[in-house]
Structure formats: structure tokens, C-alpha cells
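**Q** Residue numbers are given in full-length UniProt numbering: position 390 of the sequence shown equals residue 390, and the series is strictly consecutive.
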Amino acid sequence: MLADAVEQLRKGALKADVRDSIRSARGGTTSSSRPKGKLSSSAVACDMCKGEQREAVKSCLVCMSSYCEAHLKPHQTKKALKQHELIAATSNLAEKICTQHKYLQEFFCRQCKTFICWLCTSNQHKGHESVSTKVERLEKQKVLSDLQAETQQRLKEREQELKNLKKVMEVTKRSAIKVHSDTEQTLKELQRSVERLQELMEEVLDQANLEKMSQAQEVADSLEAEIKVLKKRDSDMKDLAQCEDHIHYLQTCESMNSPLDTGDLPAVTVNLEASFEPIRDTVLDLREQVEDLCNQELGKFTKQVNDTTLFTLGDSSRNAQKGGIFKLFSGLASRNTNTRSPARLQAVGRLSHCGAGPVTDHQSTAAVPAPTPAPIPASPAPMPVPALAAASTGGFSRMASISSIFRSHRRGTTPATPVSPANNGTNAGQNPCKVAHCSHTALE
């Protein structure tokens, strides 16, 4: 019946020049006068509404226009208009008429991937696999439904990842502030003699916090951008699913299959246990190790103090520490902030073995026993200078005097005579106690 009605339309009711004028006039109306943002993307606007557009409910194949409920009444009441063929509201109706046969394109040729009318199926597309647009939509809808389910699942996962990431960012930020305070309190015990050490450790902590927050914020921004795209894709799919226009559905669903322009961000696994808390134990251990090392080497320092420069400040001292910032953060999840775990003792072991070369990640995971503090000798005997001397830094340039100062303060012993800068010898760069090199090895 639809084909007969269109045939009558083609033969007499609507001439070619009139049809062309309607197409051109209608094209101008839809592109210029239709307000934007009033209707959903799948809705068809009424061609007769002026000003605010209302959604069309029917399209007329004779008038080549779409009508809302109000403007459709003449087709329901007037005798002449009752004979017109009405179909479900369809946008761009003139473009969905076969240009050769002037019939409505109700079929889809799968071989040529184009819309055709019923007459095309027996002429140009004879022998081709042709199905109705409704059948083709059902096939595409199955694929699109699976894709929508995947999109919703990915959206859920990304939202959870973002939630976890923001949570750990807040925890890490608070722990950084707390550790900064604890570090400052611990370093105050070393007085002004080790102010350089305090500056270095605070710099490491602040830099690590800044870089980690910056990295996490970049990932959070990427997740937020991807979530926004996923929400937009899901909203478009919902609107498209409610569209009754099969052709519009088929034309639009192809774009839904296109990959999302969200970059190559992989799945984000948030370390929920990440915290700066274990660094407090590292600081406390560092204090104990420095005190023990200084006392063990006190006799050697006393003998060599007048003719040896223990540490020199080089330009590479700052750069040597930068590579260790990331490891300060990456290993925090496996540590317990309440007790001193074996993992922390391994870090102490690294301090005791510094000077023999950098410790790799594989070496750091092996069980390294913590050094046993030696008792303070009553009269420390001079010891030979080790063959392997590490480069010294300005952070411990007065370590001999530092050891005697804080030992006498903490244990009530007699302080040794501080080293005079004027008595520095020619053996610059030697570091018998390896303390400065230990600090770098722990970071690296």
C-alpha cells in the first residue's frame, strides 16, 4: 500500500519541480530556524513550528514534511489530507526517497551497503542480499547493545579507579605533612651541625610529594576526561535506542562503533596502602646509624682530622639524590607504620653496606641483616683508611665534630675536639665512615 501511494504521488500529486522546491525550502528551515538544544539528537523537529520547535510524531510522504501533534490535526480532519500516507516521524525525509524510482527507501543492500527502494531490489540490486531497514537495525542493535554493556562496565571501573586514586592522594598528602613534621623534629636533635642534612631530607620528601601528586593528578585528569567521554557515549546510545527512525539509527550507530578518543591510558591500579609513614622509621634509623658509625670511626677521625678533608660539596650531590625520589614512594605499600618491619631493617642494611657500589632492586629484596651497633670504646684505636673511599658531600662536612657533639649530648660522654677548617689536609674526598655515601645509597 505504501508503494502504491508513493507511485500516485510520483505520477500526479507532486511534480518534480515542486518536490525540489520543497526539499530546498525544508533544508533551509531545518538548518537555520531550528533552535539548538531543545530536542534530543534522535528527535525529529516539526517543520511547521515557528520559534520553539516541538517534536514531530508523523511524517507525510505527500507533503514531504513532519508534523507535531498540533500541526498533524489537519491531516486527521480534512478529507483531502486524510488520503496522504503518514509514517513515523522521519528526519530528512526528502533524502530518504529513491532518486531514481521516487519510492521510499525501505530496504538495505548489504553488499553495496546502501539504502534502496523496493523497485531497486529487482533492478540494480537484483541478486544482492537485501533486507528491510528494520531487520538490519535489529542486527546492528545486537552489536551495539554489547558495546554499550562494555562501555557501562568500563565507566564503572574508571569511576572506581578515580575514587581510589583521589582517596590515596589525600592519605598520601596528609602522611607527607606528618612525616615532614616528624623529620623536622628528629633532625632538631642534631642541632645546627647537621642543618644541611635536614635540608636534604626535607627536599627529598617535599620533592617526592610534589612529583607523586603531580603524576597522580595527571592520571586523575585523564580518568575524568575519559569518564566524561564515556558518559557522553552512553547518553548518545540511550537517545539512539529510543529513536524510531531506522535509517537515522543505522546511520548513527556506525559512529558509535568508532574507538573512543580517550588516549592510551591503561587500567589504573591504585596502591591503597601507599603512605609516607614508614619514612619516619628511616629517619630514626639514619640517626642511630650515623651515631654508631661516628663512634666506631671516632679514633680514625681523630687521627686524620688535622690533615684530611672528610667531605667536599660537589655539584653532583643534588643530582645524585634525584633518582631516589621515586623509590622512596614506590616501596611504601609493603611497610608497616606501627612496628619496625623487616623491610625497614633491610633498608638499614643498605646503609651499612654503602660505599661498595649502588644496591639494585634485586639486591634490596634479599634479606640483609641490620648492623649491630658496636659499644663505645673507651680509648678508640686508630684504624687504617679503607681502600674504597666514597665522595663526600657538604651535608656531613663536619662529621667528626658532629659525632662527638651529639654523642656527648645523648649519652653524657666527653665530646671530642672539633675539627678546625684550617687543618684540613690534602686527602680531600676521603670518607672513612661512608656516612655521606650511605645517605645517597639509601635514596638510590
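Just so it is clear, CB atoms sit at the ideal spot from N, CA and C, and this is done for glycine as well. Keep in mind that this is a model prediction, so the values were computed, not measured.
By Cβ distance below 7 Å, which residues in the same chain neighbour leucine 265 in space, the five residues on each side in sequence not counted?
**A** As a position in the sequence shown, residue 265 is number 265, starting the count at 1. Excluding positions up to five away in sequence, the list reads Ser222, Glu226.
**Q** In whole angstroms, what is the alpha-carbon distance linking proline 415 and leucine 205?
**A** The sequence position of residue 415 within the sequence shown is 415, counting from 1. The sequence position of residue 205 within the sequence shown is 205, counting from 1. No answer about proline 415 holds up, because its pLDDT of 46 lies below 50 and its placement is not dependable.
**Q** Quick one: using the 10 Å Cβ neighbour count with 16 as the cut-off for buried, is isoleucine 97 buried or exposed?
**A** Taking the sequence shown and counting its residues from 1, one reaches residue 97 at position 97. When all chains shown are included, isoleucine 97 counts as buried.
**Q** Reducing DSSP to helix, strand and coil, say where valine 44 ends up.
**A** As a working note, residue 44 is residue 44 in the sequence shown. Look at valine 44 here: in three-state DSSP terms it is coil, with no helix or strand label.
**Q** Using the C-alpha atoms, what's the distance from glutamate 52 back to lysine 232?
**A** One-based indexing of the sequence shown puts residue 232 at position 232. One-based indexing of the sequence shown puts residue 52 at position 52. Going by the C-alpha atoms only, they are around 25 Å apart.
**Q** So, using beta-carbon positions, are serine 41 and aspartate 239 closer together than 8 Å?
**A** Position 41 of the sequence shown, counting from 1, holds the residue named residue 41. Position 239 of the sequence shown, counting from 1, holds the residue named residue 239. The answer is yes: Cβ separation under 8 Å.
**Q** Please return the same chain residues whose Cβ sits closer than 6 Å to the Cβ of alanine 241, not counting the five positions on each side in sequence.
**A** Here residue 241 corresponds to residue number 241 of the sequence shown, with the count starting at 1. So the list is empty, once near-sequence residues are dropped.
**Q** If we ignore side chains and look at the alpha-carbon of each, how far apart do glutamine 251 and leucine 81 end up?
**A** Translated into the one-based positions of the sequence shown, residue 251 becomes position 251. Translated into the one-based positions of the sequence shown, residue 81 becomes position 81. Approximately 31 Å, taken between the alpha carbons.
**Q** Shorter than 8 Å from the beta carbon of leucine 230 to some beta carbon of chain E?
**A** In summary, chain E is missing from the structure at hand, where a single protein chain is found.
**Q** Nearest to isoleucine 177 by alpha carbon, out of Glu277, Asp146, Glu95, Met237?
**A** Sequence index remark: in the sequence shown, residue 177 carries index 177 (1-based). Residue Glu277 is the option with its Cα nearest to isoleucine 177.
**Q** Apart from the five residues just before and just after methionine 201, which ones in its own chain have a Cβ nearer than 6 Å to its Cβ?
**A** Here residue 201 is taken as the residue at index 201 of the sequence shown, counted from 1. Closer than 6 Å at the Cβ level, and outside the excluded window around methionine 201, lie Thr183.
**Q** Note down, in chain order, each residue of its chain lying with its Cβ closer than 8 Å to the Cβ of leucine 260, except the 5 sequence neighbours on either side.
**A** Residue mapping note: residue 260 aligns to position 260 of the sequence shown, counting from 1. Here the set comprises Glu226, Val229, Leu230, Arg233.
**Q** What does DSSP give as the partner residues of alanine 88 in its beta bridges?
**A** Position 88 of the sequence shown, counted from the start, is the residue given in the question as residue 88. According to DSSP, which records beta bridges pairwise, alanine 88 is partnered with Lys58.
**Q** Hey, could you find the ends of the beta strand (DSSP E) valine 131 is sitting in?
**A** Translated into the one-based positions of the sequence shown, residue 131 becomes position 131. 130-132 is the extent of the beta strand (DSSP E) around valine 131.
**Q** Just the C-alpha distance for histidine 75 and alanine 88, rounded to the nearest angstrom, thanks.
**A** The residue labelled residue 75 in the question sits at position 75 within the sequence shown. The residue labelled residue 88 in the question sits at position 88 within the sequence shown. Taking the straight line from one Cα to the other gives about 14 Å.
**Q** Applying the criterion that 16 or more other CB atoms from any shown protein chain within 10 Å of the CB defines a buried residue, is aspartate 281 buried or exposed?
**A** As a position in the sequence shown, residue 281 is number 281, starting the count at 1. Aspartate 281 is buried by the Cβ-count criterion.
**Q** May I have the straight-line CA-CA distance separating valine 194 from glutamate 150, to the nearest angstrom?
**A** Position 194 of the sequence shown, counting from 1, holds the residue named residue 194. Position 150 of the sequence shown, counting from 1, holds the residue named residue 150. Taking the straight line joining both Cα atoms gives about 58 Å.
**Q** Excluding the 5 residues preceding and the 5 following alanine 56 in the sequence, name in chain order all residues of the same chain whose CB lies nearer than 7 Å to its CB.
**A** Position 56 of the sequence shown, counted from the first residue, corresponds to residue 56. Closer than 7 Å at Cβ, skipping near neighbours: Val44, Ala45, Cys46, Ser66, Tyr67, Cys68, Ala89.
**Q** Taking Cβ to Cβ, would you say residue 453 is nearer than 8 Å to alanine 220?
**A** Outside the shown range of the chain, which is 1 to 444, sits residue 453, and nothing can be said about it.
**Q** Measure the C-alpha to C-alpha separation of lysine 113 and glutamine 100 and round it to an integer number of angstroms.
**A** In the sequence shown, the residue the question calls residue 113 occupies position 113. In the sequence shown, the residue the question calls residue 100 occupies position 100. Looking at the two C-alpha atoms, the distance is approximately 17 Å.
**Q** Taking 8 Å as the cut-off, decide whether the C-beta atoms of valine 143 and phenylalanine 108 are in contact.
**A** Stepping through the sequence shown from its first residue, residue 143 is reached at position 143. Stepping through the sequence shown from its first residue, residue 108 is reached at position 108. Against a cut-off of 8 Å, the Cβ pair of phenylalanine 108 and valine 143 comes out as no contact.
**Q** Assign lysine 50 to buried or exposed, taking buried as 16 or more other Cβ atoms, counted over all protein chains shown, within 10 Å of its Cβ.
**A** Here residue 50 refers to the residue found at position 50 of the sequence shown. Lysine 50 is exposed by the Cβ-count criterion.
**Q** Between which two residues does the beta strand (DSSP E) carrying isoleucine 227 extend?
**A** Against the sequence shown, residue 227 aligns to sequence position 227. Premise fails: isoleucine 227 lies in the alpha helix (DSSP H), 195-241, not in any beta strand (DSSP E).
**Q** Are the CB atoms of glutamate 106 and cysteine 117 within a distance shorter than 8 Å?
**A** Within the sequence shown, residue 117 is the residue found at index 117, counting from 1. Within the sequence shown, residue 106 is the residue found at index 106, counting from 1. Going by C-beta atoms, cysteine 117 is nearer than 8 Å to glutamate 106.
**Q** Thinking just about the alpha-carbon of each residue, which of Leu284, Leu286, Ala267, Glu244 is nearest to the one in arginine 158?
**A** Walking along the sequence shown from the start, residue 158 turns up at place 158. Comparing Cα positions, the closest option is Ala267.
**Q** For serine 181, name the three-state secondary structure that DSSP assigns.
**A** Taking the sequence shown and counting its residues from 1, one reaches residue 181 at position 181. Serine 181: helix per DSSP, three-state reduction.
**Q** So what's serine 258 in DSSP terms, helix, strand or just coil?
**A** Within the sequence shown, the letter at position 258 stands for residue 258. Here serine 258 sits in coil by DSSP.
**Q** How big is the Cα-Cα spacing for aspartate 236 and serine 258?
**A** Locating residue 236 in the sequence shown gives position 236, counting from the first residue. Locating residue 258 in the sequence shown gives position 258, counting from the first residue. Distance between the alpha carbons of aspartate 236 and serine 258 is about 13 Å.
**Q** Hey, quick one: how far does the alpha helix (DSSP H) through threonine 77 stretch, first residue to last?
**A** Taking the sequence shown and counting its residues from 1, the one referred to as residue 77 is at position 77. Looking at the DSSP string, the run of the alpha helix (DSSP H) that includes threonine 77 is 73-77.
**Q** Is the distance from the Cβ of lysine 134 to the Cβ of histidine 248 below 8 Å?
**A** As a position in the sequence shown, residue 134 is number 134, starting the count at 1. As a position in the sequence shown, residue 248 is number 248, starting the count at 1. No, these two residues do not count as a Cβ contact at 8 Å.
**Q** Would the beta-carbon of isoleucine 116 be found less than 7 Å away from any heavy atom of the ligand MN?
**A** Questions concerning the ligand MN fall outside what the structure shown contains, since it holds no ligand whatsoever.
**Q** In angstroms, rounded to a whole number, what distance separates the CA positions of glutamate 254 and glutamate 203?
**A** Mapped onto the sequence shown, residue 254 falls at position 254. Mapped onto the sequence shown, residue 203 falls at position 203. Roughly 54 Å between the two C-alpha positions.
**Q** Quick one: grab the DSSP three-state call for threonine 269.
**A** One-based indexing of the sequence shown puts residue 269 at position 269. Residue state, collapsed to three classes: coil.
**Q** Taking all protein chains shown into account, decide if glutamate 189 is buried (16 or more other Cβ within 10 angstroms of its Cβ) or exposed.
**A** In the sequence shown, the residue the question calls residue 189 occupies position 189. Burial call: exposed.
**Q** For leucine 39 and cysteine 60, which I take to be in contact (beta-carbon distance under 8 Å), what is that distance rounded to the nearest angstrom?
**A** Working through the sequence shown from its first residue, we reach residue 39 at position 39. Working through the sequence shown from its first residue, we reach residue 60 at position 60. That belief does not hold up - the Cβ atoms of leucine 39 and cysteine 60 are roughly 19 Å apart, past 8 Å.
**Q** The beta strand (DSSP E) with isoleucine 116 in it runs from where to where?
**A** Against the sequence shown, residue 116 aligns to sequence position 116. Segment 114-116, the beta strand (DSSP E) holding isoleucine 116.
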